[in-house]
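Engineer: In our numbering, the protein residues as written are 1454 to 1880. Please find one structure pasted underneath; my questions will follow.
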């Protein structure tokens, strides 16, 4: 295979980001071509495939944490990243090294260049999906936890032919311009990761219309569909300190906040039971308790109480609202959103819970709504809304009323402001 000359980590990331100009192009032709050139490393990996609208990342974090606790070398591919680009590619909790990412990029770039000459240049997500498969194969991972990027059926991760298990998390409205404008259409796209004869698992809280599609797909493909059992669940506690619950006779604890994380944990527990790879209930308990996921209802300061949440769709807004029901006193929000998100539906569900909203534009992101655009929309649901000039102004302004502070509306905002906010509130 032809190789380009050695590149640095920064050059590699710059090149990968340059592929963003090709946008989102659903389909498996390009990723299949790349992987075929690489010897199809994905076919040699033991993969747990995860799709859904909300809860994918948390589900992947739990799975990875448990497999690590069991002593398995565990690959984890997630998107988007929050803190560091290398966050997308992890093995047993460690990010890919800068040197390894640069080396793999150098190996893959000639294939992408060849494809460009054939008018089929890969997108950024297709390139990093191929990179992830190659990285995990080269590293001899025991298991790989694989999160879809968008949808399922035509997502580049869906080149996986025989997953050990496919997990479908909660399905709701998001990316309707690509996935469809009804729950049934969106569910059909997510159900694309269910493969013939391979088991699938979903949550008992799945919307009825979505569950009907998943059942029909699984039946057609002769794939056993397992649904988590609400009758076997007992919630012991669920508050801002975490949660404790009993499922099928075993007690578990979670540091990830919210009742929804308990619901997310059940298909994880059921999936690992299906795999029958010797993971005990004690290992599951330890793995769940150790699971962490930044910017998902994450407490980044105690005094003042500051919660950082990257959810951006109506379902995510409802989850955040439920968590905030346990907060006493008034709440100030710092909020930024992308133009291609359903801001009105998000605001309708969450804005009335806030006593004050400070809107911001997400720095350096041309998809971001301006602070003023978002302020006008937020005013329909909250009387006290101001637009801030920048993150620093928003953070300073948020302290004015000594309220609980919630930073929300976009994972891009959460990732961009997280370090600054942690330093600011923990001075």
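C-beta: ideal position from N, C-alpha, C; glycine also.
Assess, as a yes-or-no matter, whether the segment 1739 to 1756 is touched by the segment 1796 to 1814 under the definition of 3 or more beta carbon pairs within less than 8 angstroms.
Structural biologist: Taking 8 angstroms as the limit for Cβ pairs, the verdict is that the segment 1739 to 1756 does not touch the segment 1796 to 1814.
Engineer: For the beta strand (DSSP E) holding residue 1822, just list the boundary residues, first then last.
Structural biologist: Run containing residue 1822: none; DSSP gives neither H nor E here.
Engineer: Between which residues of its own chain and residue 1838 is the CB-CB distance below 7 angstroms, once the five residues before and five after are set aside?
Structural biologist: Once the five neighbours on either side are set aside, the close Cβ partners of residue 1838 are 1810, 1812, 1828, 1831, 1832.
Engineer: For residue 1503, which of 1513, 1660, 1543, 1769 has the nearest alpha-carbon?
Structural biologist: Of the candidates 1513, 1660, 1543, 1769, the one whose C-alpha sits nearest the C-alpha of residue 1503 is 1513.
Engineer: Any idea what DSSP makes of residue 1756, helix, strand or coil?
Structural biologist: Coil.
Engineer: Could you tell me which whole beta strand (DSSP E) segments of length 3 or greater appear in the segment 1575 to 1654?
Structural biologist: The qualifying runs are 1596 to 1600, 1618 to 1621.
Engineer: Under 6 angstroms Cβ to Cβ from residue 1622, same chain only, skipping five residues before and after it: list those, please.
Structural biologist: Once the five neighbours on either side are set aside, the close Cβ partners of residue 1622 are 1505, 1508, 1509, 1512.
Engineer: With distances taken Cα to Cα, identify the nearest neighbour of residue 1649 among 1656, 1655, 1757, 1677.
Structural biologist: The residue with the shortest Cα to Cα distance from residue 1649 is 1677.
Engineer: Identify whether residue 1507 lies in helix, strand or coil by the three-state DSSP scheme.
Structural biologist: Strand.
Engineer: Go through the segment 1516 to 1572 residue by residue and report every complete run of the alpha helix (DSSP H) that reaches 4 residues or more, in order.
Structural biologist: Runs of the alpha helix (DSSP H) inside the segment 1516 to 1572: 1551 to 1570.
Engineer: For the 8 angstroms Cβ check, are there 3 or more pairs between the segment 1596 to 1611 and the segment 1578 to 1585?
Structural biologist: Contact holds: three or more Cβ-Cβ distances are below 8 angstroms.
Engineer: According to DSSP, is residue 1713 part of a helix, a strand, or is it coil?
Structural biologist: In this structure, residue 1713 counts as helix in the three-state DSSP scheme.
Engineer: Rounded to whole angstroms, what is the Cα-Cα separation between residue 1659 and residue 1772?
Structural biologist: Taking the straight line joining both Cα atoms gives about 14 angstroms.
Engineer: Assign residue 1750 to one of three DSSP states: helix, strand, or coil.
Structural biologist: Residue 1750 falls in the coil class under three-state DSSP.
Engineer: With a threshold of 7 angstroms on Cβ separation, who are the neighbours of residue 1612 within its own chain once the five nearest residues in sequence on each side are excluded?
Structural biologist: The residues are 1481, 1484, 1485, 1488, 1495.
Engineer: Give a yes or no on contact between the segment 1783 to 1793 and the segment 1840 to 1857, applying the rule of three or more CB pairs nearer than 8 angstroms.
Structural biologist: Segments in contact, yes.
Engineer: Once the 5 residues before and after residue 1841 are set aside, which same chain residues still bring their CB inside 8 angstroms of it?
Structural biologist: Taken in chain order, the residues that qualify are 1787, 1811, 1812, 1813, 1824, 1847, 1850.
Engineer: Where does residue 1704 land, buried or exposed, given buried means 16+ other C-beta within 10 angstroms?
Structural biologist: Exposed, by the Cβ-count rule.
Engineer: Among all the DSSP beta bridges, which residues are the ones paired with residue 1696?
Structural biologist: In the DSSP output, where bridge partners are listed per residue, residue 1696 has 1691, 1707.
Engineer: Do residue 1656 and residue 1719 have their CB atoms nearer than 8 angstroms?
Structural biologist: In contact: residue 1656 and residue 1719 (Cβ atoms closer than 8 angstroms).
Engineer: Got a sec, what are the start and stop residues for the alpha helix (DSSP H) residue 1663 sits in?
Structural biologist: Unbroken alpha helix (DSSP H) run through residue 1663: 1661 to 1673.
Engineer: Tell whether a beta-carbon distance below 8 angstroms holds between residue 1637 and residue 1661.
Structural biologist: No, they are not a contact pair.
Engineer: I'd like the list of long-range same chain contacts for residue 1446, defined as Cβ closer than 8 angstroms, with 5 residues on each side in sequence excluded.
Structural biologist: Given a span of 1454 to 1880 for the chain in the structure shown, any question on residue 1446 remains unanswerable.
Engineer: Tell me, please, whether the segment 1758 to 1778 touches the segment 1537 to 1556 by the rule of three or more beta-carbon pairs shorter than 8 angstroms.
Structural biologist: No, the segment 1758 to 1778 does not touch the segment 1537 to 1556.
Engineer: Tell me whether residue 1713 is buried or exposed, calling it buried when 16 or more other Cβ atoms sit within 10 Å of its Cβ.
Structural biologist: Counting Cβ neighbours within 10 Å, residue 1713 comes out buried, since at least 16 surround it.
Engineer: Using 8 angstroms as the threshold, is the C-beta distance between residue 1530 and residue 1460 below it?
Structural biologist: It is not a contact, given that the beta carbons lie outside the stated cut-off.
Engineer: Mark residue 1783 as exposed unless 16 or more other C-beta atoms lie within 10 angstroms of its C-beta, in which case mark it buried.
Structural biologist: Label assigned to residue 1783: exposed.
Engineer: Which residues bound the beta strand (DSSP E) around residue 1460?
Structural biologist: Here residue 1460 belongs to no beta strand (DSSP E), and DSSP marks it neither H nor E.
Engineer: Do residue 1871 and residue 1747 have their C-beta atoms closer together than 8 angstroms?
Structural biologist: Contact flag set, yes.
Engineer: Hey, would you say residue 1791 sits closer than 8 angstroms to residue 1865, going by beta carbons?
Structural biologist: Yes. Within cutoff.
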